[in-house]
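Down below is the structure, laid out as structure tokens.
Chains as they are written, first to last, in this note's numbering: chain A, 1 to 213; chain B, 214 to 518.
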């Protein structure tokens, strides 16, 4: 992954905007931003963002490659789409934030142990395993991502919620053993593998290994 | 034969033992009363939700949605797909929009789907359940099966994000959509026109990975409902429902508050008003008991109408 970062640095030199336009989902929209700041003021977790979308767009144009790609900011997007519907230039800001985050991860530049990044990876792995999400296994993976002790602590803290959901029949330990899933999960996984190959071909990436590849 | 038929895409959380299992139950009983037949798309798969972007490529996510469309078209041709989950619906709409706009993306999606022996042809429509209710049936028709009007139940209509943005329900504004309030009023409840948190975000899936930040949102959503004297919050989204109900106890634990506001689905309101039992309306599926609705559900009404 580090290699890919070097490759991209060589290829795009100081033109980070061009790199974003070519490599990031919906990145070609970035140049349309007119810096009005409506996105920054509309963002759910906005006060927690180190760089709001408005700033990120300007930083991209200013060539602040490392600052953008190593930022925690995009990972705080809740996918509420508030910025997107309010943007006077109709930029698909939510998608650009996801695209930047995904690209940063792909280059190995995303912050280590970024909680949303880790959750996102766990989610994708979980839902593509059988074709459907197994909520219990996913929850356990998320809580135990920082080790057994911290996982047990988190589970203990949330034990009343777990018990409540169990009695409400919305959580069942049986999910550890039997999972919902697609009958043709092999077909699904073949299709996803193919999709990754096509995407890599189109974007000039190396195919990233996944659970299904 | 049912009056209306749809291909049903319930989504992962609605499955048996899932966090929104009671949503599915209430939708089924509501649809039965409305003579709407929903047939599950055989072998449907997860939509990828809004959170899987780090681990997946954009194309792979379109392939997930397109596989469901292809299966629907193959087994239930001509039927609109109905999703009950906001994220499933949104993901599907995005795929349709993107694939319609790009023949290259369409070709790529089908090249991948071929591996599963499927083909997606343009022309699929995916609708949210509330679109079916308000557009295909209409408020007047929705009012007809009411046998137990929700008299005296004050409901904060919490629309949240993803049934509202970026696509939304036709004719509604992003800042103040009215359909949920109208649904509440249609079944005899009392909606709250000035509920400030109507379209706020609950934190979505980040409630998992950034709990403190999401809890701040949830606290506002619940406290605003209290400020307006609400008995219950009602939402069209399974993640909103789960987040806003489930984490109240965590907020109480950390902040010493006494939040205890029940959160239900629109389909549960309709199901109860149509005479559904506790079980049929999924009212046995809550951590915070929606007492007023449960009382109505167990109340016996005379047969004459």
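All C-beta atoms in this analysis are idealised placements derived from N, C-alpha and C, irrespective of residue type, glycine included. If you're wondering where the values come from, they're calculated on a predicted model, not measured in any experiment.
Check, Outcome
"Determine contact between the stretch 484 to 497 of chain B and the stretch 353 to 364 of chain B, defined as no fewer than three beta-carbon pairs at a distance below 8 Å.", "yes"
"Under 9 Å, do residue 424 of chain B and residue 446 of chain B count as touching if we go by C-beta distance?", "no"
"Please identify the residue among B:292, B:268 and B:242 whose C-alpha is closest to the C-alpha of residue 252 of chain B.", "B:292"
"Buried or exposed: which applies to residue 10 of chain A, given that a residue is buried once 16 or more other Cβ atoms fall within 10 Å of its Cβ?", "exposed"
"Counting only beta-carbon atoms, is residue 263 of chain B nearer than 9 Å to chain A?", "yes"
"Count the other CB atoms within 10 Å of the CB of residue 142 of chain A; is the residue buried (16 or more) or exposed (fewer)?", "buried"
"For residue 394 of chain B, I'd like the list of residues in its chain whose CB is within less than 8 Å of its CB, leaving aside the five on either flank, ordered along the chain.", "370, 404, 405 and 406"
"Tell me whether residue 102 of chain A is buried or exposed, calling it buried when 16 or more other Cβ atoms sit within 10 Å of its Cβ.", "buried"
"Taking 9 Å as the cut-off, decide whether the C-beta atoms of residue 53 of chain A and residue 93 of chain A are in contact.", "yes"
"So, helix, strand or coil for residue 370 of chain B, using DSSP?", "strand"
"At a Cβ cut of 7 Å, what residues of the stretch 78 to 110 of chain A count as close to chain B, listed as they run along the chain?", "78, 79, 80, 81, 82, 84, 85, 98, 101, 102 and 105"
"Can you name, in chain order, every residue of its own chain whose Cβ lies under 6 Å from the Cβ of residue 262 of chain B, other than the five neighbours on each side?", "300"
"Quick check on this structure: which residue in A:175, A:140, A:145 and A:14 has the alpha carbon closest to the alpha carbon of residue 159 of chain A?", "A:140"
"Does residue 123 of chain A come out as helix, strand or coil in the three-state DSSP assignment?", "helix"
"Quickly, what does DSSP pair residue 397 of chain B with across the bridge? List them, please.", "Beta-bridge pairing links residue 397 of chain B to no other residue."
"What do you reckon, are the CB atoms on residue 495 of chain B and residue 234 of chain B nearer than 9 Å?", "yes"
"Using only the alpha-carbon positions, how far apart do residue 113 of chain A and residue 120 of chain A sit?", "12 Å"
"Suppose only complete runs of 4+ residues qualify. What are the alpha helix (DSSP H) ranges in the stretch 340 to 388 of chain B, listed by chain order?", "352 to 356"
"Which residues, in chain order, does the stretch 46 to 61 of chain A contribute to contact with chain B at a C-beta distance below 8 Å?", "48"
"Excluding the five sequence neighbours on either side, which residues of its own chain have a C-beta within less than 7 Å of the C-beta of residue 78 of chain A, listed in chain order?", "44 and 45"
"When we look at the beta-carbon of residue 310 of chain B and count the other beta-carbons within 10 Å, is it buried (16 or more) or exposed?", "exposed"
"Threshold first: 3 residues or longer. Then list the beta strand (DSSP E) segments lying entirely within the stretch 26 to 50 of chain A, N to C.", "none"
"Just to make sure I have the definition right: I need the residues of chain B whose C-beta is within less than 7 Å of the C-beta of residue 124 of chain A. Which are they?", "265, 268 and 269"
"To the nearest angstrom, how far is it from the Cα of residue 288 of chain A to the Cα of residue 307 of chain B?", "Outside the displayed range of chain A (1 to 213) lies residue 288 of chain A, so it cannot be described from this structure."
"Return the bridge partner residues of residue 238 of chain B from the DSSP annotation.", "Residue 238 of chain B pairs with nothing; no bridge assigned."
"Beta-carbon of residue 497 of chain B versus every beta-carbon of chain A: anything under 9 Å?", "yes"
"So which residues on chain A does residue 426 of chain B lean against when the C-beta distance must stay under 8 Å?", "45, 48 and 76"
"Quick one: residues in its chain with C-beta nearer than 8 Å to the C-beta of residue 69 of chain A, no 5 flanking neighbours on either side, listed in chain order?", "100, 103, 104, 107, 109 and 110"
"DSSP three-state call for residue 410 of chain B: helix, strand or coil?", "coil"
"What's the call for residue 294 of chain B, buried or exposed, on a 16-neighbour Cβ count within 10 Å?", "buried"
"For residue 222 of chain B, which beta-bridge partners are listed by DSSP?", "B:296"
"Report back the beta-carbon spacing between residue 506 of chain B and residue 366 of chain B to the nearest angstrom; my notes put them in contact at under 8 Å.", "7 Å"
"Can a CB atom of chain A be found closer than 9 Å to the CB of residue 322 of chain B?", "yes"
"Would you verify that the beta carbon of residue 41 of chain A is, or is not, closer than 9 Å to some beta carbon of chain B?", "no"
"Is the beta carbon of residue 219 of chain B less than 9 Å from the beta carbon of residue 227 of chain B?", "no"
"Just to confirm, is the Cβ distance from residue 277 of chain B to residue 192 of chain A under 9 Å?", "yes"
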